[in-house]
Each structure stands twice: as C-alpha cells, then as structure tokens.
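Per my numbering: the first sequence = residues 80 to 634. Glycine included, C-beta positions come from ideal geometry on N, C-alpha and C. This report concerns only the one structure given below.
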Amino acid sequence: MNLEALLSARLGAALAEVAQATVDPAVRRSQFADFQSGAALPLARSLGRPPRDIAADVAGRADLAGVATAEVSGPGFLNLTVADEVLAEAADRLVSDARLGVASAREPQTVVVDYSGPNVAKELTVGHLRSTVIGDALARTLEWLGHRVVRVNHLGDWGTSFGMLIEHLRDEGVTEAGQAGDLTAFYQAARVKFDTDEDFRTRSRLRVVTLQAGDEETLRLWRRLVATSQRYLLDTYERLGVSLTEGDFCGESSYQDQLSSVVDELQAKGLLVESDGALCAFPAGFTGRDGGPLPLIVRKSDGGFGYAATDLAALRHRVRDLGATRLLYVVGAPQRTHFRMVYAVAAAAGWLGDGVSAEHVGFGSVLGADGKMFRSRAGDSVKLTGLLDEAVARASALAPTPEVAAAVGIGAIKYADLANDRMSDYVFDWDRMLALTGNTGPYLQYAYARISSILDRAGDFAPAVTIGHRLERALALELLAFEPAVLAVGESLEPHRLTTYLSGLAGVFSAFYEQCPVLTAPAGVRESRLTLCLLTGRTLRRGLDLLGIATPAQM
RNA sequence: GCGCUCGUAGCUCAGCGGAUAGAGCAACGGACUUCUAAUCCGUCGGUCGCAGGUUCGAAUCCUGCCGGGCGCGCCA
Numbered sequence: 080m081n082l083e084a085l086l087s088a089r090l091g092a093a094l095a096e097v098a099q100a101t102v103d104p105a106v107r108r109s110q111f112a113d114f115q116s117g118a119a120l121p122l123a124r125s126l127g128r129p130p131r132d133i134a135a136d137v138a139g140r141a142d143l144a145g146v147a148t149a150e151v152s153g154p155g156f157l158n159l160t161v162a163d164e165v166l167a168e169a170a171d172r173l174v175s176d177a178r179l180g181v182a183s184a185r186e187p188q189t190v191v192v193d194y195s196g197p198n199v200a201k202e203l204t205v206g207h208l209r210s211t212v213i214g215d216a217l218a219r220t221l222e223w224l225g226h227r228v229v230r231v232n233h234l235g236d237w238g239t240s241f242g243m244l245i246e247h248l249r250d251e252g253v254t255e256a257g258q259a260g261d262l263t264a265f266y267q268a269a270r271v272k273f274d275t276d277e278d279f280r281t282r283s284r285l286r287v288v289t290l291q292a293g294d295e296e297t298l299r300l301w302r303r304l305v306a307t308s309q310r311y312l313l314d315t316y317e318r319l320g321v322s323l324t325e326g327d328f329c330g331e332s333s334y335q336d337q338l339s340s341v342v343d344e345l346q347a348k349g350l351l352v353e354s355d356g357a358l359c360a361f362p363a364g365f366t367g368r369d370g371g372p373l374p375l376i377v378r379k380s381d382g383g384f385g386y387a388a389t390d391l392a393a394l395r396h397r398v399r400d401l402g403a404t405r406l407l408y409v410v411g412a413p414q415r416t417h418f419r420m421v422y423a424v425a426a427a428a429g430w431l432g433d434g435v436s437a438e439h440v441g442f443g444s445v446l447g448a449d450g451k452m453f454r455s456r457a458g459d460s461v462k463l464t465g466l467l468d469e470a471v472a473r474a475s476a477l478a479p480t481p482e483v484a485a486a487v488g489i490g491a492i493k494y495a496d497l498a499n500d501r502m503s504d505y506v507f508d509w510d511r512m513l514a515l516t517g518n519t520g521p522y523l524q525y526a527y528a529r530i531s532s533i534l535d536r537a538g539d540f541a542p543a544v545t546i547g548h549r550l551e552r553a554l555a556l557e558l559l560a561f562e563p564a565v566l567a568v569g570e571s572l573e574p575h576r577l578t579t580y581l582s583g584l585a586g587v588f589s590a591f592y593e594q595c596p597v598l599t600a601p602a603g604v605r606e607s608r609l610t611l612c613l614l615t616g617r618t619l620r621r622g623l624d625l626l627g628i629a630t631p632a633q634m
C-alpha cells in the first residue's frame with residue numbers, strides 16, 4: 080500500500096467539501112512530519128480565506144481517525160503524522176507481498192528499449208558503458224513494473240567497413256577472427272591496410288558490393304565475423320550483469336531488405352525531396368549551420384542508404400511488427416538532433432502518434448580526472464573489459480572471494496553510472512565509486528550483507544512489525560516509499576531516482592542498525608526488528624536487481 | 001550563427017512551484033566488553049552562474065546574458 084495514496088484519498092474528500100471542487104491534496108514527504116499537504120496555500124486566493132484557516136478546516140473535516148494526525152503548520156501546511164499501528168500494519172503486509180508494495184501497471188505497454196548498440200568487429204569501450212547500463216536498468220525496471228519489454232541491441236553489423244574487414248579476413252585466413260579477444264587488433268590491422276594499400280582499398284570497395292549483392296561466399300565470411308563478435312559481446316554482457324541475450328541482437332543488417340520500401344512509402348506520402356542527388360526529408364523546425372532547412376538524408380546520392388534509412392526502417396518495424404507503444408532509444412546526447420528528426424519524419428509518415436511514442440533517452444559523457452572525455456594515457460578509448468578487470472582487482476581488497484569481488488567491483492561501476500543524473504557528465508573516479516560510505520554500490524551491498532548476516536544468525540521467526548523506536552518508525556516509513564521510487568524511474572526514465580531512494584534506505588537502516596540491537600532484543604521487539612531487517616534486505620536486493628547490480632550475502 | 005545540454009556547500013551530487021535548500025566526501029569533535037566500527041552520531045560549511053519577469057510563494061516556470069560540453073548534408 081502507498082501511504083501517499085491513502086492520505087491523498089482522505090484529504091481529497093475533505094478538500095472537495097471545503098473548496099467545492101476537486102483539488103490535488105499535494106501530499107509529499109516532509110522534514111517536519113511524515114508527510115505534508117500544501118493544498119491549502121493555492122486555495123487561499125480563490126476562497127478568499129487565510130491558508131491556515133483553510134488547512135484547519137480541512138483537518139477538521141478529514142476522516143483521518145486511526146490513520147494519521149494532522150496539524151496546521153507554517154503558512155498553511157498540514158503536517159501529517161501516520162499512526163504507528165498503520166505503519167506497522169502496512170509493513171506487515173509487505174512481508175507477504177512479492178512485489179514489496181509496488182503495483183503492476185494497469186495498462187501495460189509494449190516498450191522497445193534500444194540500447195548498447197556496439198559495432199561488430201570492435202571491442203566494447205567505456206563509450207558503450209552508459210547506454211548498456213542505463214538501458215538495461217530501464218528494461219529491467221519497466222519489465223518489473225508489468226510492461227512488455229522488448230530489448231533490442233541495434234548492432235553496427237553492416238556498412239562499408241565490412242568490405243575492408245572481410246578482405247582482411249580472406250588475407251589472413253579464417254582462424255584469426257576466431258579469437259574474440261583481439262577484435263580491436265583485427266580491426267586496426269584492416270584499417271591500416273585500407274589506409275596504406277591501394278590494392279586492398281580497391282578490393283575492399285568491391286567486396287562491399289559483393290556483400291550487398293548477397294554473394295554466398297562473402298556472406299559466409301561476414302557471418303563468421305558477426306558470430307565471433309556476438310560471442311564476445313555475450314560474454315561481456317554476462318560478466319557485466321546485463322540482461323541482453325542473443326535473441327535481442329537485431330543489427331542494422333536485418334533491415335536491409337526493408338530500406339527501399341521505407342523510401343517508397345515516404346515518397347508516396349510526399350515526404351522526400353531530391354537535393355544534390357540525395358533523397359532527403361526536411362522536417363520542420365530543424366535548421367543547419369547556414370540557417371537553411373536541415374536534411375535527413377534517407378538515400379545517398381550514390382544510391383546507397385545511410386543510417387537514417389536504417390533507423391526509420393527499424394522504427395517502422397518496431398511499431399508495425401513488434402506492436403510497440405513506447406520506443407526508447409538509449410543513445411548518447413550527441414545524436415539527439417538526429418533522433419528528433421527521425422521521430423518527426425516517422426510522425427509525418429504516420430508511424431508515430433496515436434498511442435505510440437518515441438523518446439530519445441540521452442545521457443552525458445564519462446569524463447576522466449582531468450574533466451575531459453575519459454581516455455587512456457595513450458589517448459585511445461578505454462576498453463570495457465580492462466575497466467572491469469581493474470574494478471574487480473580493486474574490489475578484491477574488500478571482498479572475501481573472487482565472486483564477491485566481481486559483484487562489488489562491477490556493481491560499483493554500474494552504480495556510479497546510474498546514480499548520476501542521466502544528462503549530466505560525470506567524472507570516473509575509482510576511489511569514490513568504491514567507497515564503503517556515501518551514495519555508492521558497495522555501501523548498499525554492505526548494508527545488505529549485514530542484514531543477511533543477522534538473518535542467518537536469527538533462525539526462524541514469525542514476522543510482525545511493532546513500532547517502538549523512532550528509527551524503527553523511520554525505517555518502516557522508508558520501506559513503504561519503494562513504490563513511488565520505482566514508479567518515478569518508469570515515468571522519468573531516470574534510474575538515479577532509485578539509487579537516491581536506495582541510498583536513503585540504506586542510510587536509515589545503518590542508523591537503525593547502530594541504535595537498535597536486533598538479535599539480543601527482548602521477545603516481540605526482536606521479531607519486529609528482524610522483520611524490518613528482512614524487508615530492508617528484500618527491498619535493497621530488489622532495487623539493486625532492477626538496476627542490474629548483484630547483492631552478495633557476504634562482504 | 002542556430003540548436004541541445006549542464007552550471008546548487010571546498011569537492012562529488014540530490015532537490016525541479018511551496019515552510020529555515022539536503023546527502024556523502026573533505027575538515028573538526030565524539031561513540032568500539034555490541035548483530036560485519038570498511039559503520040554510526042555531532043559541528044562547521046551555500047547571495048542555488050548573473051539580471052529581469054510570472055506568482056500569495058521561484059534553486060524549481062519564462063526571457064535575456066555569462067561560462068563549460070555537444071551537435072548542425074551524404075559516418076553511426
């Protein structure tokens with residue numbers, strides 16, 4: 080149950096009487112009480128009465144008996160203090176609720192979450208971290224909220240660079256690309272040859288043509304490259320604790336046979352204009368450097384298709400064939416304009432709107448200690464596997480086993496990424512993200528480990544909450560706030576709202592842990608405190624799971 | 001030039017229409033016969049980039065500046 084909803088319902092009835100209209104009770108958490116209602120303040124003008132007077136009137140009429148007490152405060156707030164018995168009962172109900180009080184969506188949507196999207200034949204770098212981690216957290220959360228979630232990994236598995244890669248594969252023999260770990264070296268070697276060897280360059284260009292023509296021998300080599308890359312990606316996702324599977328891979332190549340139809344459909348709707356030999360859409364409201372209309376190039380002047388065509392085909396496929404009602408694109412902020420243009424064209428084509436929405440879920444950059452884009456000392460992008468290795472190595476100092484070190488190290492990286500406001504850049508800082516104190520993954524995992532330890536020692540007990548100590552009270556109140564936190568993530572697509580909540584919960588728990596002995600408490604109190612531990616543990620575990628972060632039982 | 005985005009305590013960040021702007025780190029002072037003290041409690045610390053505007057009320061909404069980042073025709 081949601082206490083805000085309960086209080087809002089009770090106050091709403093009284094407010095309706097006082098205001099002779101439906102009024103939002105504006106119930107919020109408060110530093111002065113459990114909750115507050117600020118509804119009386121905006122009513123002062125329309126009712127021509129002092130806000131404190133209105134608040135007192137509402138408090139007098141509201142049916143709060145046995146639920147809460149209300150008292151007028153400050154300029155006209157109602158401070159609401161929930162009855163201990165209500166808190167205890169509500170907490171008790173959580174014990175038998177697998178969803179920890181979080182309601183399942185009344186109207187489930189089909190949400191396509193497009194995230195990670197690495198290039199085949201290249202290794203994952205820190206540049207893929209945010210899309211992968213944020214996208215996965217959103218997919219997990221929306222799924223748990225009851226929506227049908229379709230994960231899509233929009234692989235870069237097509238395009239001109241594959242001519243070069245396939246030629247290189249032919250030159251070197253098939254064995255080399257069988258080694259997943261050295262994709263970068265393979266790519267770079269091909270790149271060097273392409274840049275320096277005229278003959279190779281020519282062969283590469285011809286190879287693209289044979290690939291696109293569907294030559295079986297060429298396709299076989301291409302599939303080998305893709306398969307090798309996918310194996311490596313799946314290994315890394317598993318290690319990262321990312322829920323993407325092989326079935327979620329849907330690369331650019333899979334839309335190739337739909338591109339001409341996209342162009343046909345757009346053309347039939349009069350959305351395309353020829354400009355400098357290319358077929359372009361000019362959605363309203365986008366201007367280029369010269370102040371003129373900005374084109375979305377759907378078909379290039381050489382007759383080939385660019386990424387805009389692929390994105391449009393993918394969008395259409397997701398709406399028409401997958402039945403998506405909400406499309407999420409977890410792609411870096413620099414591509415914001417591109418996606419807005421794609422959405423504008425898709426809307427004009429009738430693929431969006433009418434119950435189907437598309438949102439670009441952008442995010443800021445990962446920065447190094449110098450405040451610039453996070454790069455290695457040599458200046459190239461930082462490989463994700465190396466980053467994970469270092470995280471685990473550093474975490475092993477505070478973990479009893481390699482498995483726990485992996486959970487803590489990788490959890491620390493993911494938590495640090497998710498805990499920041501999505502759109503802001505953040506500085507990658509080992510010491511801060513691995514700290515046992517503060518808003519960090521290890522702090523939450525540590526709280527969970529302490530709870531596990533207590534519950535292990537406790538043995539069986541009959542769960543039942545009674546409120547006797549102010550920190551028991553604070554903890555129960557916090558546990559009941561899980562639902563709003565999870566719902567906020569589903570609506571805002573901002574995972575940091577959940578990290579903020581979980582960090583607060585762990586903070587309240589730690590204070591409780593210090594001041595409220597559990598195992599040595601007298602009968603009754605002991606069971607109640609154990610129940611609070613149980614619920615806190617479940618909430619931390621579930622919350623971290625929604626973020627894709629593991630909760631080891633020991634640290 | 002146009003567009004997007006960020007600018008809150010020394011540092012890293014929450015808060016995004018409501019009461020004296022909150023955490024953590026750092027600094028300083030406390031608490032270990034105690035369930036994991038790698039923890040907890042307390043103190044110190046802010047003209048919420050600047051200036052206008054809307055409002056009973058603005059860190060929060062609007063406008064304009066200033067500063068950082070990113071984007072702006074055949075790469076994705």
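- Under the three-state reduction of DSSP output, residue 452 falls in the strand class.
- Within the same chain, Cβ atoms closer than 7 Å to the Cβ of residue 553 are found at 587, the five residues on either side in sequence being excluded.
- Secondary structure at residue 446: strand, using DSSP grouped into helix, strand and coil.
- The beta carbon of residue 284 sits closer than 7 Å to the beta carbons of 242 from its chain, once the five residues preceding and following it are set aside; these are given in chain order.
- When secondary structure is reduced to three states using DSSP, residue 355 falls in the coil class, being assigned neither helix nor strand.
- Between residue 142 and residue 92, the CB-CB gap stays under 8 Å.
- Rounded to whole angstroms, the Cβ separation of residue 208 and residue 463 is 6 Å, and the two are in contact under 8 Å.
- With contacts defined as CB atoms closer than 8 Å, residue 565 and residue 574 fail to qualify as a contacting pair.
- Look at the region 167 to 216 and you find no whole run of alpha helix (DSSP H) that is 4 residues long or longer.
- Rounded to the nearest whole angstrom, the C-alpha separation of residue 308 and residue 620 is 32 Å.
- Note that the C-beta distance between residue 105 and residue 95 is not below 8 Å.
- Contact check for residue 192 and residue 214: beta-carbon distance about 6 Å, within the 8 Å limit, so the pair qualifies.
- For residue 355, the CB contacts under 7 Å within the same chain, skipping 5 residues up- and downstream, are 380 in chain order.
- For residue 109, no pairing in a beta bridge is given by DSSP.
- According to the DSSP assignment, residue 152 belongs to the beta strand (DSSP E) that extends over 147 to 152.
- The alpha carbon of residue 562 has as its nearest neighbour, out of 550, 183, 305, 540, the alpha carbon of 183.
- Within its own chain, the residues whose Cβ lies closer than 6 Å to the Cβ of residue 631, once the five positions on either side in sequence are excluded, are 483, 486, listed in chain order.
- Ranking 200, 453, 158, 146 by CA distance to the CA of residue 131 puts 158 first.
- Nearest in C-alpha terms to residue 384, of all of 116, 335, 133, is 335.
- Collapsing the DSSP output to three states places residue 506 in a strand.
- For residue 406, the enclosing beta strand (DSSP E) begins and ends at 405 to 408.
- Under the 8 Å Cβ criterion, the region 456 to 476 does not count as touching the region 578 to 598, having fewer than three qualifying pairs.
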